[in-house]
Structure formats: C-alpha cells, structure tokens
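Data block below; observations after.
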Amino acid sequence: MDYINRVYENLKQKYGYEPEFLQAVQEVLESIRPAVMANLEVYEKNKILERLTTPDRIISFRVPWVNDKGEVEVNMGYRVQWSSAIGPYKGGLRLHPSVNQSILKFLGFEQTFKNSLTGLPMGGGKGGSDFDPKGKSDREIMAFCQSFMTELYKYIGPNEDVPAGDIGVGGREIGYLYGQYKRITGRFEGVLTGKGLTYGGSLVRTEATGYGLLYITEALLNHHKDSIKGKTVVISGAGNVAIYACEKAQQLGAKVISVSDSNGYIYDKDGIDLALLKEVKEVKRARLTEYKKARPSAEYHEGKGVFKLKCDVALPCATQNELDINDAKALVANGCKVVCEGANMPTTLEATTYLKTNGVLFIPGKAANAGGVATSGLEMCQNSIRLSWTFAEVDAKLKDIMENIYSNMLRTCEKYNLGEDYVAGANICGFEKVVNAMISHGIC
Ligand code: NDP
Ligand code: 2IT
0 MDYINRVYEN LKQKYGYEPE FLQAVQEVLE SIRPAVMANL EVYEKNKILE
50 RLTTPDRIIS FRVPWVNDKG EVEVNMGYRV QWSSAIGPYK GGLRLHPSVN
100 QSILKFLGFE QTFKNSLTGL PMGGGKGGSD FDPKGKSDRE IMAFCQSFMT
150 ELYKYIGPNE DVPAGDIGVG GREIGYLYGQ YKRITGRFEG VLTGKGLTYG
200 GSLVRTEATG YGLLYITEAL LNHHKDSIKG KTVVISGAGN VAIYACEKAQ
250 QLGAKVISVS DSNGYIYDKD GIDLALLKEV KEVKRARLTE YKKARPSAEY
300 HEGKGVFKLK CDVALPCATQ NELDINDAKA LVANGCKVVC EGANMPTTLE
350 ATTYLKTNGV LFIPGKAANA GGVATSGLEM CQNSIRLSWT FAEVDAKLKD
400 IMENIYSNML RTCEKYNLGE DYVAGANICG FEKVVNAMIS HGIC
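Encoded structure:
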C-alpha cells in the first residue's frame, strides 16, 4: 500500500465513527497525490500527512445555561484547533443540533487549506455546539453564548485563536460572545471576527462569503469568455451565505430562482425578491413559508428538490452533503454548467465525481467560500492597526483575493497537468504552503 493509502486506511480504522471527517480527508488525500509524489521521501520521513490529518488539539466542554422556563439545559461545546503552521487558529463557530466531533474535525481540517488559499497568515480551526438556536428567545441565546464563552475564553486570543460565525452564529451571537470575553478578561481586542461595526467589526464581513462566491464564479466564467450576466442561478440555503450570494448574483445581472431552508424551498420564476428574503430571514428569523405568503406568485415546496430546478449555475449554500448523486444527475440533465460551493463540503464525493466527469465546472468550498474568512483576516488586520477601511476598500481587497485564489488554482492545475480539476488545484495549492511551513518548523 502506498503512503497516501496507508495514512487514509489508518485513519479509517481509528475514526470509522467520524464519516464527515473521513470524507473530507479522503477528498484531500486523493487529490494531492501529484504533489505528494513529487516530494514523497521528505513528506513520508517527516510524517507530513499523519501530522496534517491530526489536529493540534481538541477542546471539549460542558455548556450549562438556564432556559426561559427556569430549567437548566446542558450542551456540549468544542473548539478544534487544527493547525497553527501559518498563523493563529482561525475559523467559525457553528451552533446546530447536528454538531459533533466528526463535523467539527472535517470543518477544522478544511479550514486549514482554505485559510492558506486566501494568502493571509491564518491557521485553521473550528468550533461550536450542539445547541439549537431555532425558536430560542434573545435572552436564551445570550445565556448560552455567555456560558459558552466562560469556558472558551481560556483558549482563544487575537494571536492564538480567533473564532467567527458559521451556521447559527451571526452578528447577534458574536456580540454576546464578545461582550462576555471582554467582561471576563478586561480586554478589548480582536479576538473574534464578524463583530458589529461599532466595536471593531469590518465593513463587508456580513456580505463577504456570498460576494466572494460570486467573484470567483465570475472569474471562472470570464476565463471561459463568458459571464454570470443573464444566467439562471439556483441557490440553496437562506442564511448569511445564500442571501449575499443572491445579492451579488443579482447585482451582476443574473436571475436567482431559488433559496431553501431545512423545511423546503422557494422557486420564484420571476427572480428572488431579495428585500423580502432579508425581511423574512434577517429581521423576522422566520421560515420560507412566510416568503410564499408575502409573494403568492412564488412556489413553496416542502423537503429537498432545489437542485432539480433547471439552471445554468448552481450555488449550494446550506450545509454538508446537501447535493447528492441524484441532484448531480438532475443538474447535468438540465444543462447546468457551473457548480461553485458556498457551503462547506455540500457536494457528496460521488456527486462531485459525477459533475466533474460530465463537463460541469466545479469549484470546491475551500476556494469558493474563502471570501468570508479572508474578510475576517482583513478585520483582524484593521483591529491590529486600529483603523477601519471603507466598504469600497474592503470589497476591492476581497475581490482581489478571490481572483488570486482562482488564478493560483489555475496555475497549480497547469503545473501538475490537471486540466480544470479545481478540487485538486485548490487542495494542492492550500497544502503546499502549509507543508512548507511545517517542514521549516521541524517536528512539532
Ligand atoms: P446560516 O445559519 O446563516 O444559514 C444556514 C442555512 O442553511 C439556513 O437556511 C439553514 O436552514 C440551512 N441549513 C442548515 N443546516 C441545514 C440542514 N442540515 N439541512 C438543510 N438546510 C440546512 O449559516 P451560513 O449561511 O453562515 O452557512 C451556510 C454554509 O456556508 C455552511 O456550510 C457554512 O459552514 C458555510 N460557510 C459560512 C461562512 C460564513 O462566513 N458564514 C463562510 C464560509 C462557509 P434552517 O434555518 O432551516 O436551518
Ligand atoms: O467556514 C468558514 O470559512 C467560516 N465559517 C468563516 C470563518 C471565519 O473565521 O470567518
């Protein structure tokens, strides 16, 4: 068995109960093969793959809090500090009932490559809790966030580990977390990103992941002498990433015909009404059925099915493994030409292979959704120099970073003769920088 297969088989034996983690590792290890083979002796001797697939540490803790009925509730909290080879740990916090160690390990592992791709000095990490924010009052959210931070603060800091948002964590949650950190430590410092604009946040961070997704999609289409203008776009999800992907797609002249949440999806043949979507999701925190009520011309369908809609471009922006082989077949059959992942690992391995082998241009999440963490990096930079850049300045830097990621992937594909396999291009490009730093640091 060769080095790569041996490392993967060992992980499979040890972590058979962590399917998402194994899935993420399998995709990366298979696709970086040409780069590993080019340096096999050094990597094998230094146990590079074994070290890269093992987190620096995993912190897990109890999060007790009191609900509005006066009852005590208990959740698990985690922070997976994956790699600090190229900078302090950096990555979001997810609050969702499905959160467990496997999901946070996959996310921390992916984040390490993504952050490397941004070109900014950030290591990889991820955290969160199995707390379900749905239906909770503001006070309950605050109570949970304060309890979570009361444990987490020991392990984070502006030069150590800088968490941010992810599923279930937006501006409100970051505010409560930041308030508690400041209260416990007495320090006002850039320990979280995604902060409010009045206390150290950066303009464009809210929009960044969705905007960045469209900037890289446009870069891909431009490379093919085409553009997003006039294209029909399917978006899944209806959260932070989906909303601002929709906004930028519309600004660039595309027609977005769908959004979805975990209950169902909207098909709006006239194009999504963005102001209404924001009102339903950002202001009322309601379900998509409310969108349908306010806009009878749109269709609401219960359950999955958003990728069965006919489109030119599909942007999965909800969660892992939401786009399966049947969705991939439907997309290809309906003539979809481009899939760019706004979410982390939304496409199953089988579906990814099907799309790639059927002529669909595919950009994986760690490149396509890197605009969020890249803008977090810009927020850290502004906090360090105690200045705030304008919307236009941050937006221009974000666009530049996304275009650089695209051209670096392309260059990597050319170097290793990979055609337009952007999965391999992104993984190798992210991998090489991290490994270079690891080798410089010696065995640690
Ligand atoms: P939000 O919490 O704002 O929105 C998540 C959306 O996805 C909601 O519409 C939610 O529906 C839906 N969703 C979540 N879980 C599921 C599920 N199990 N099944 C079906 N639908 C689901 O999160 P974000 O928009 O921030 O994150 C979306 C994706 O983008 C995630 O994969 C995240 O890791 C990734 N990402 C986020 C970044 C950021 O800056 N926020 C940066 C890079 C990647 P419902 O409300 O019904 O749960
Ligand atoms: O998956 C991601 O890149 C994020 N959730 C954003 C992380 C960050 O630190 O901004």
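Numbering that gives the first Met the number 0 applies: residue 0 is where the sequence shown begins, and numbers increase by one. Even glycine gets a Cβ: it sits at the ideal position worked out from N, Cα and C. Every value quoted in this text rests on a predicted model; they were computed, and no experiment measured them.
Between glutamate 298 and tyrosine 266, the C-beta spacing is below 7 angstroms.
When rounded, the separation of the alpha-carbon atoms in glutamate 8 and glutamate 392 is 47 angstroms. Taking the C-beta atoms as reference points, valine 203 is found no nearer than 7 angstroms to glycine 341. Per DSSP, reduced to three states, the secondary structure at serine 83 is coil, with no helix or strand assignment. Between the alpha carbons of proline 87 and cysteine 310 lies a distance of about 40 angstroms. According to the DSSP assignment, aspartate 272 belongs to no beta strand (DSSP E), since it is labelled neither H nor E. A buried status is given to aspartate 260, since no fewer than 16 other beta-carbon atoms sit within 10 Å of its beta-carbon.
Residue state for methionine 75 is assigned as strand, using DSSP reduced to three classes. With a cut-off of 6 angstroms, the C-beta of glycine 122 is classified as distant from the ligand 2IT, since no heavy atom of the ligand falls inside that distance. Beyond the five residues adjoining it in sequence on each side, cysteine 335 comes within less than 6 angstroms, by CB distance, of Cys310 and Ala313 in the same chain, given in chain order. With contacts defined as CB atoms closer than 7 angstroms, leucine 191 and tyrosine 214 fail to qualify as a contacting pair. Residues of the same chain with a CB within less than 7 angstroms of the CB of proline 120, apart from the 5 flanking positions on each side, are Ile85 and Gly86 in chain order. Two segments are said to touch when three or more pairs of C-beta atoms, one from each, lie closer than 8 angstroms; by this definition the segment 347-355 touches the segment 313-328.
For cysteine 339, the enclosing beta strand (DSSP E) stretches over residues 337-339. For the ligand 2IT, a non-hydrogen atom lies closer than 6 angstroms to the CB of glycine 90. In the structure shown, lysine 133 adopts coil according to DSSP, grouped into three states. Using a cutoff of 6 angstroms, the CB of isoleucine 234 does not count as near the ligand NDP, since none of the ligand's heavy atoms is closer than that. For histidine 440, the closest C-alpha among the options Ser82, Val24, Pro63 and Glu17 is that of Ser82. Residue ranges of uninterrupted alpha helix (DSSP H) with 4 or more members are absent from the segment 152-178; none lies entirely inside it. Segment contact: the segment 60-67 against the segment 99-109, fewer than three CB-CB distances shorter than 8 angstroms; contact not assigned.
By the neighbour-count criterion, in which 16 or more other beta carbons inside 10 Å mark a residue as buried, asparagine 416 falls on the exposed side. A distance below 7 angstroms separates the beta carbons of isoleucine 271 and valine 255. At the C-beta level, phenylalanine 306 and alanine 329 come within 7 angstroms of one another. The segment 123-134 makes no contact with the segment 42-51: fewer than 3 CB pairs, one atom from each, lie closer than 8 angstroms. In this structure, DSSP gives glutamate 8 a helical state, which the three-state scheme calls helix. For valine 41, the uninterrupted alpha helix (DSSP H) segment begins and ends at 39-44. Not a single heavy atom of the ligand 2IT lies less than 6 angstroms from the C-beta of valine 190. Counting of Cβ neighbours within 10 angstroms places leucine 39 among the exposed residues, the total staying below 16. Of the heavy atoms belonging to the ligand 2IT, at least one sits nearer than 6 angstroms to the Cβ of serine 375. For the set Asn357, Val232 and Arg78, the Cα lying nearest the Cα of cysteine 339 is the one of Val232.
At a threshold of 6 angstroms, alanine 367 does not count as near the ligand 2IT, since its beta carbon sits no closer than that to any of the ligand's heavy atoms. Rounded to whole angstroms, the gap between the alpha carbons of threonine 184 and lysine 247 is 39 angstroms.
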